[in-house]
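Trainee: Residue numbers (our numbering), protein chains in the order written: chain H, 41 to 557; chain A, 82 to 822; chain D, 5 to 103.
Yeah, the Cβ is synthetic: ideal placement off N, Cα and C, and Gly gets one too.
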Amino acid sequence: MKDLLNGWGATAVVFLPLVGALVMIAIPKSEETLHKVVALVTSLAVFVIGVALLVDFDYDNTAKLQFFQDKSWIEVINSRYIVGIDGISLPLIALTLFVVPLVIIYSWNHFPEPHNPKAFLALILILETGMVGTFVAQDLLLFFVFFEFVLLPMYFMIGIYGGEQRKYASLKFFLYTAFGSALMIVAILATYFLSPKIPVDGQMMHTFSMIELSKWHGAGLARNTAILIFGGFFMGFGIKVPMFPFHTWLPDAHTQAPTQGSVILAAVLLKLGTYGFVRIAIPILPEGAHWWAPIIGGLAVIGIIYGALGCLAQTDMKRLIAFSSVAHMGYVMLGISTLTPFGINAAIFGMVAHGLITGMLFFIAGSVKDRFHTLEIKRLGGLLLQAPRMGWLLAFSCMASLGLPGLAGFWGEFPAILSAYEPAAGLSEPLFRFYMVVAALGTVLAAGYLLWLLQRVAFGTPSEEFEDADIHDMHLTDYLAWTPMIVFIVILGIYPNLIFRVTDAAVIHSLSAVVGH
Amino acid sequence: MLTHVWIIPLIPAIAFVAILAIGKKLPRGGSEIGIAALAICFVLSLGVAAGWIQRVNHPPAVEANGAVAAAVSDGHGEAAASDLHAAAEETTPAAEESHPAESASSGHEEEASGHEEEHVTPPVVRTVTWFQSNGVKFDVGTMIDGLSTLMLVVVSLISLLVHVFSTDYVAGDRRYTHFFAFLSLFTASMLFYVISSSTLQMIVGWELVGLCSFALIGHWWEEKPNSDAALKAFLVNRVGDIGLLCGMIVLFFAAKGTFDVVTINTMANEGQIRHMLLLVASLSLMTAVMSKSGQFILHTWLPDAMAGPTPVSALIHAATMVVAGIYMVARLYGVFFNGFSIGTANINVMAAIGAVTLVFGGLLAFVQSDIKKVLAYSTISQLGYMVMALGVGAWTAGIFHLFTHAIFKACLFLGAGSMAHHIHSFDMKKDMGGLRKVMPKTFWTFVIATCALVAVPPFAGFWSKDEILAGAGQLGGDGGYPLMLIMGTLGAAITGAYMTRAIWYCFFGERRGASATHEMHENGPRITVPLIILSIGAIVVGLVNVPNTGFLSWVPGSYALRFEHYVEPTGAYFPGGLETFSHPEFNIVLALVSTLVGLTGVLLAYLWYWKDLGPHGLTERSRLARGGYKVLEYKYGLDILYVDVIAGSVKGPIARAANWVNQNVIDGFVNLVGTSVRRAGGWVYKYIDQGVVDTLVDGSGAAADVSGEVLRKAQTGKVQAYGAYLFLGATVLAAIFVIAS
Amino acid sequence: MLLNEFLLLAAALFCIGVYGVISRRNGVLVLMSIELILNSVNINLVAFSAMTGAVSGQVFALFVIAVAAAEVGVGLAIVLAIFRLYRSVDIDDVDLMKG
């Protein structure tokens, strides 16, 4: 069993959802229940494999790549099919495998217009393939393929099933991200051509392998070259995170996307960018990272404050939550920019926490939209009176989002702020301490906009418009879909070591090249 | 017992979940669970106290030659600690041991080469690993010493009494069960906070009590003013939390990467941390203290917090949560004492903030017509006393005042609740008056608590406040803290005056408004018994810390200063061993003067209200008086500054400006890029694709067309013409053949 | 022998025939001109045959006569068909293939 898992585990979690999608394509469109069952079974099967991976994972060796496979793929350019899971990717893979079944359960009675369960669920499964693939890939080209792969299903999800301005939003999302990726592929190719040659089947060839490239970590590159290549990566990943000022695609994409799309976008897709920084950009180009770190840190804290201010100005609930994502990812990027294990551990934790919490917030927003047919904050109110359990959940999610200790969000924010006090050697301490104070200020603003949202939506009494409306509380599918998320937000808040002990060794290993500077 | 203290916060936490889950179905709406849980907690706290007292009386022995250098701090002490352990285990008969738990923890046995007469009672620390980062493991656990034991007892006692009070007071409320659930959660959070062994844990507890405060202040959230107050409380506290986070982070790194309270304090006391860092950390943490403990200028949330139910005000905003800041200063006193150089200065930031708060807060109590607001400002003022005490170096005085204040202030708040219970109004001027005849128990308990507050000997408040003033006069550098002494004494007068005013409005005079129309009578035992218990406390608890210096040196040593003996920490983690640290002595002159000043305040108020003497109507006649009154009415303009100016502009124009920039500048740029590219594409299409390339394509077609037009003229259709071409061609060919050959 | 004279005669006849084919408007006359051309070629063939003594020239001339006869038959049939259509044999009127 262990051998099977070692050999096929990583590949299975990547491609099984795709198989499920193909099965769905064969089933006629009218068999809705069958489609839902197939999708759910597929995602649960993937989840079960994921649990097996979690169980089989060697927690004393989290820095080592496990479930490792290295097969030849495109021999001419030495791009290989290399997959593996280590302490950095494991939490994110777990997050993805965890969120997708929940989204499918939620979708059971909640399909957006135009009603097409077959296509919609197939898109979700295809998305899952792309997302998991990105996290397990250890070859730059393979990574890039999966990284781009997720754009298409998301484009269709927003463009067909989205809100009023869906065409604009989906196109903007696609083109903006693709623009970043265009710069990134240049960086990838530059890295490839500058990489040292390794022997492959008797020939000496450049390599795309992240493992080899990390070992090389850009030794011997001219400093400016390293900076430029890192810049290419920065554009590709930074747009995805999204970092200020490349964030403007996010509010539109999130607002126009259907609920399930928003949840997946927030929970997982945004993490592809930050993961890219941690996995690729920093270990391979530590010198470039060093130069870029203050800039990234600065943009991160600007994002924290700016995102918060943007939130305060919003009149649409979903757009507010979208801006809060910008702010939260600011904390993640701040942690990353310090180039210290504290910071990056915090960043990865923050990624998982944000995924769960903001995913939860979007679920609630979607449910509010279902019941009230509007997300305009000034028309809402008194949710706690009309749908008390949902109101409670909203309060809970808001508290988690503003970083209340005892819930997961705190462990993403506080260690990130802490890490800024003592950034990696060679980075300017006063500058990063200034960032630290600004980030701490950001927590005040976060509390501000979240509690203000809570006050206007959940507290008070219902507005005249909805006074007599029949607003029903949570359904069974809502309970099933949301309870696991809530449980994990609490568990991770109380015992953060669940993630920290997994990531710590791996993060220290990935930063081993940076410390030298 | 002392090693299993973690059970104590767990019980109310479980109660919280249980009440939410099944509370509504129970006959008393879940309050049974809450009261039961709190009763158990209180009993357990008393057990802990007994255990601690025993530990102090029989401290675990040190090595034979006593003066072991405190081999501590960065975990290197483990080897030494285990040696001492072995020795201690053999020699100590009865006292509880601290077991450094599972291998990775950092149990500390602190030995102080300290004062000869002082005993040293090491705290009981027990930790488990919470998480790891950067290869370093971080712990969560409990630390029990006199201070935490005291807090356990105070919190659980007041919480229990408030629970009992609430069963009557909040009966019939729209969210009765929910109320008790959050009372339990609050108690759990506060208990968790006070037994923290690490600063990270303290941050967690700090924020959790803030959450509960938010939930309880906004208990009647249907009405906007209540949810506004809740938000205000949370947000102002969050502003202070910037300081909390930054301060704790600085301390973490200054102590070479640990959150452990004992370690940080010990390093601070032994000079292993640079003074600048201690100062920065102290200043940062002071902002947190200012917000949480209602110090001027971040106090504005506290009066608004009175929008919550009265038991909440009694428990959270008088006795327990607001003292979280005081507790933090006390717990990290090594940092503050060295950071602010408290032992050698004549004025410092902390003392100044405390002094300003106690005066300015007290002044504001004069212009309130809501009894709860009077008490709220009184709390702010008394918290100022506590901060000032800590600021001048009178640690025990400050903590003792925390203790006595918790008791008599809770009594006052519950008394106010008792008065308002039937008329549902707290407005003294409009709806109360002459209640002493119809509510005797409330009246007398209120008066007793007031006497304690005004520091009339021998009530509790006298002993604590006097020690503070003595400290202000004697401690610190040469000459003490004269400014603090003056302001503290002034505060006594102010306190006497506004409390007398309140008593006049509530209990004397004619019954007005709602109290006139309502049938007013004394409340049931669930309300009055807590009041009586607390008022008895207000009389006697002062006597646990009777000094035996100066005028009172006849007091036997085994009886005097019991509180200090058991509560004040000993060991390297407390600056008590430093040369600059000392205790105030009892000064009969000061005691008499301060009492007289306080009574003068009472007298002046008495003359004003009972006898109608004094410049009544001054505010109408004098612009200056009116202006001063207005300043107080507008709370020094701080609320306008915070709510309207700062918060209003941030969430209004500034946020909108940011959004405008986002939509029109940043996104405008993105959209501009999009439209430009589209237009460029259109131009290329029109002018190059259509204009040039297509023209070439069309042109070739046209050329073919034209040449065809020209060449078709040769097609006449006439046979003879074709024949002529034939012969012509043949002739030419023949010519060529002939010539070529 | 008298070769040159025969060749000159044949050339003259040929030119008269070509003139007739190109310039005469009457279809029958065009056919007669074509006969003239063919016969001029015959004179050439026979003259050369007489000079060299090879009989192939005369044989070829016989072929030409037979083909000419067939061709005149077909040609007159076409002219008759044209006449039936146009009520005249003026070949300038037959210009349907004008481009």
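Which partner residues of residue 114 (chain H) appear in the DSSP bridge assignment?
Mentor: Walking along the first sequence from the start, residue 114 (chain H) turns up at place 74. Paired residues: H:119.
Trainee: For residue 798 (chain A) and residue 51 (chain D), I'd like the C-alpha separation in whole angstroms.
Mentor: Within the second sequence, the letter at position 717 stands for residue 798 (chain A). Within the third sequence, the letter at position 47 stands for residue 51 (chain D). Residue 798 (chain A) and residue 51 (chain D) have their C-alpha atoms roughly 38 Å apart.
Trainee: Would you mind listing the alpha helix (DSSP H) stretches within the segment 448-492 of chain H that are 4+ residues and don't spill past its ends, in chain order?
Mentor: 448-461
Trainee: What number of angstroms, rounded off, separates the C-alpha of residue 41 (chain H) from the C-alpha of residue 51 (chain H)?
Mentor: Counted from its first residue, the first sequence places residue 41 (chain H) at position 1. Counted from its first residue, the first sequence places residue 51 (chain H) at position 11. Distance between the alpha carbons of residue 41 (chain H) and residue 51 (chain H) is about 15 Å.
Trainee: For residue 174 (chain A), which residues of its own chain have a beta-carbon under 6 Å away from its beta-carbon, when the five flanking residues on both sides are left out?
Mentor: Reading the second sequence from its first residue, position 93 is the one you call residue 174 (chain A). Residue placement at residue 174 (chain A) is poorly supported in this model, since its pLDDT is 33, which falls under 50; the coordinates are not used for a value here.
Trainee: Look at the alpha carbon of residue 260 (chain A) and the alpha carbon of residue 280 (chain H), and state the distance between them as a whole number of angstroms.
Mentor: Looking up residue 260 (chain A) in the second sequence gives position 179. Looking up residue 280 (chain H) in the first sequence gives position 240. Cα to Cα, the separation comes out at about 44 Å.
Trainee: Okay, do the segment 354-366 of chain A and the segment 460-469 of chain A touch, 3+ Cβ pairs below 8 Å being the bar?
Mentor: no
Trainee: Less than 6 Å between C-beta atoms, sequence neighbours within five positions excluded: which residues of the same chain meet that for residue 385 (chain A)?
Mentor: Taking the second sequence and counting its residues from 1, one reaches residue 385 (chain A) at position 304. If the five residues before and after residue 385 (chain A) are omitted, its C-beta is found closer than 6 Å to the C-beta atoms of 310 and 313, all from its own chain and listed in chain order.
Trainee: Decide if residue 793 (chain A) is buried, meaning its Cβ has at least 16 other Cβ atoms within 10 Å, or exposed.
Mentor: For the purposes of this step, residue 793 (chain A) is identified with residue 712 of the second sequence, where counting begins at 1. Exposed, since its Cβ has fewer than 16 Cβ neighbours within 10 Å.
Trainee: Taking its Cβ as the centre, do 16 or more other Cβ atoms sit within 10 Å of residue 94 (chain D), making it buried, or is it exposed?
Mentor: Position 90 of the third sequence, counted from the start, is the residue given in the question as residue 94 (chain D). Classification of residue 94 (chain D): exposed, given that the 10 Å Cβ count is below 16.
Trainee: Could you check where the beta strand (DSSP E) with residue 212 (chain A) kicks off and where it finishes?
Mentor: Here residue 212 (chain A) is taken as the residue at index 131 of the second sequence, counted from 1. Where residue 212 (chain A) is concerned, the enclosing beta strand (DSSP E) stretches over 205-214.
Trainee: Output the residue ranges of the alpha helix (DSSP H) runs that lie fully inside the segment 724-791 of chain A and measure 4 residues or longer, sorted by chain position.
Mentor: 736-741 and 748-764
Trainee: I'd like to know if the segment 346-358 of chain H and the segment 508-525 of chain H are in contact, where contact means that at least 3 CB-CB pairs between them fall below 8 Å.
Mentor: no
Trainee: Are there 16 or more other CB atoms within 10 angstroms of the CB of residue 78 (chain D), so buried, or fewer, so exposed?
Mentor: Numbered from its first residue, the third sequence carries residue 78 (chain D) at position 74. Exposed, since its Cβ has fewer than 16 Cβ neighbours within 10 Å.
Trainee: Determine the contact status of residue 270 (chain A) and residue 222 (chain A), defining contact as a CB-CB distance below 7 Å.
Mentor: Sequence index remark: in the second sequence, residue 270 (chain A) carries index 189 (1-based). Sequence index remark: in the second sequence, residue 222 (chain A) carries index 141 (1-based). No.
Trainee: With DSSP as the reference, please indicate the residues paired to residue 416 (chain H) in a beta bridge.
Mentor: For this step, residue 416 (chain H) is matched to residue 376 along the first sequence. Looking at the DSSP output, residue 416 (chain H) bridges to H:356.
Trainee: Count Cβ pairs between the segment 369-387 of chain A and the segment 402-421 of chain A that sit closer than 8 Å; are there 3 or more?
Mentor: yes
Trainee: What separation, rounded to the nearest whole angstrom, lies between the Cα atoms of residue 297 (chain A) and residue 735 (chain A)?
Mentor: Numbered from its first residue, the second sequence carries residue 297 (chain A) at position 216. Numbered from its first residue, the second sequence carries residue 735 (chain A) at position 654. About 31 Å.
Trainee: How many angstroms separate the CA atom of residue 554 (chain H) from the CA atom of residue 254 (chain H)?
Mentor: One-based indexing of the first sequence puts residue 554 (chain H) at position 514. One-based indexing of the first sequence puts residue 254 (chain H) at position 214. Looking at the two C-alpha atoms, the distance is approximately 11 Å.
Trainee: Between residue 187 (chain A) and residue 208 (chain A), what straight-line distance do the alpha-carbon atoms span, to the nearest angstrom?
Mentor: Position 106 of the second sequence holds residue 187 (chain A). Position 127 of the second sequence holds residue 208 (chain A). For residue 187 (chain A), the pLDDT reaches just 34, beneath the cut-off of 50, and the residue's location in the model is therefore unreliable, although a value from the coordinates is still provided. In a straight line, the C-alpha of residue 187 (chain A) is about 7 Å away from that of residue 208 (chain A).
Trainee: Suppose only complete runs of 3+ residues qualify. What are the beta strand (DSSP E) ranges in the segment 188-270 of chain H, listed by chain order?
Mentor: 238-240 and 243-245
Trainee: Compare the C-beta of residue 78 (chain D) with all C-beta atoms of chain A and state if any pair is closer than 7 Å.
Mentor: The residue labelled residue 78 (chain D) in the question sits at position 74 within the third sequence. Answer no: the Cβ-Cβ gap between residue 78 (chain D) and chain A never drops below 7 Å.
Trainee: Interface residues of chain H around residue 751 (chain A) at Cβ under 8 Å?
Mentor: Counted from its first residue, the second sequence places residue 751 (chain A) at position 670. By Cβ distance, chain H contributes 212, 216, 288 and 289.
Trainee: How would you write the range of the alpha helix (DSSP H) that residue 513 (chain A) sits in, first residue to last?
Mentor: For the purposes of this step, residue 513 (chain A) is identified with residue 432 of the second sequence, where counting begins at 1. Note, residue 513 (chain A): premise wrong, no alpha helix (DSSP H); not H, not E.
Trainee: Buried or exposed: where does residue 102 (chain H) fall if 16 or more other Cβ atoms within 10 Å of its Cβ makes it buried?
Mentor: Taking the first sequence and counting its residues from 1, the one referred to as residue 102 (chain H) is at position 62. Per the 10 Å Cβ criterion, buried.
Trainee: Under the assumption that residue 75 (chain H) contacts residue 65 (chain H) (Cβ atoms under 8 Å), give the Cβ distance between them as a whole number of angstroms.
Mentor: Numbered from its first residue, the first sequence carries residue 75 (chain H) at position 35. Numbered from its first residue, the first sequence carries residue 65 (chain H) at position 25. No, residue 75 (chain H) and residue 65 (chain H) are not in contact; Cβ-Cβ is about 10 Å, not under 8 Å.
Trainee: Could you check if residue 6 (chain D) is buried or exposed, using at least 16 other CB atoms within 10 Å of its CB as the buried criterion?
Mentor: Indexing the third sequence from 1 puts residue 6 (chain D) at position 2. An exposed status is given to residue 6 (chain D), since fewer than 16 other beta-carbon atoms sit within 10 Å of its beta-carbon.
Trainee: In chain order, what residues of the same chain lie with their CB nearer than 7 Å to the CB of residue 538 (chain A), ignoring the 5 residues before and after it?
Mentor: As a first step, residue 538 (chain A) is located in the second sequence; it is residue number 457 there, counting from the start. Here the set comprises 676.
Trainee: Let me know if residue 421 (chain A) comes out buried or exposed under the rule of 16 or more other beta-carbons within 10 Å of its beta-carbon.
Mentor: In the second sequence, residue 421 (chain A) corresponds to position 340, counting from 1. With 16 or more Cβ atoms within 10 Å of its Cβ, residue 421 (chain A) is classed as buried.
Trainee: Any Cβ of chain A within less than 7 Å of the Cβ of residue 419 (chain H)?
Mentor: Residue 419 (chain H) sits at position 379 when you count from the first residue of the first sequence. Output row for residue 419 (chain H): interface = no.
Trainee: Looking at residue 397 (chain H): is its Cβ nearer than 7 Å to the Cβ of residue 131 (chain H)?
Mentor: For the purposes of this step, residue 397 (chain H) is taken as the residue at position 357 of the first sequence. For the purposes of this step, residue 131 (chain H) is taken as the residue at position 91 of the first sequence. Result no, Cβ atoms of residue 397 (chain H) and residue 131 (chain H) do not sit closer than 7 Å.
Trainee: Write down the C-beta distance between residue 334 (chain H) and residue 467 (chain H) rounded to the nearest angstrom, noting that I regard them as a contact closer than 8 Å.
Mentor: As a first step, residue 334 (chain H) must be located in the first sequence, where it is residue number 294. As a first step, residue 467 (chain H) must be located in the first sequence, where it is residue number 427. Between the beta-carbon of residue 334 (chain H) and that of residue 467 (chain H) there is about 7 Å, and that keeps the pair under the 8 Å contact cut.
Trainee: Between residue 263 (chain H) and residue 312 (chain H), what straight-line distance do the alpha-carbon atoms span, to the nearest angstrom?
Mentor: On the first sequence, position 223 is the one that residue 263 (chain H) refers to. On the first sequence, position 272 is the one that residue 312 (chain H) refers to. Using only the alpha carbons, I get a separation of about 27 Å.
Trainee: For the beta strand (DSSP E) that contains residue 223 (chain A), what are its first and last residues?
Mentor: Residue 223 (chain A) sits at position 142 when you count from the first residue of the second sequence. For residue 223 (chain A), the enclosing beta strand (DSSP E) stretches over residues 217-225.
Trainee: Taking only runs that begin and end inside the segment 31-79 of chain D, name each unbroken alpha helix (DSSP H) of 4 or more residues, in chain order.
Mentor: 31-56
Trainee: According to DSSP, what are the bridge partners of residue 177 (chain H)?
Mentor: As a first step, residue 177 (chain H) must be located in the first sequence, where it is residue number 137. Partner(s): H:123.
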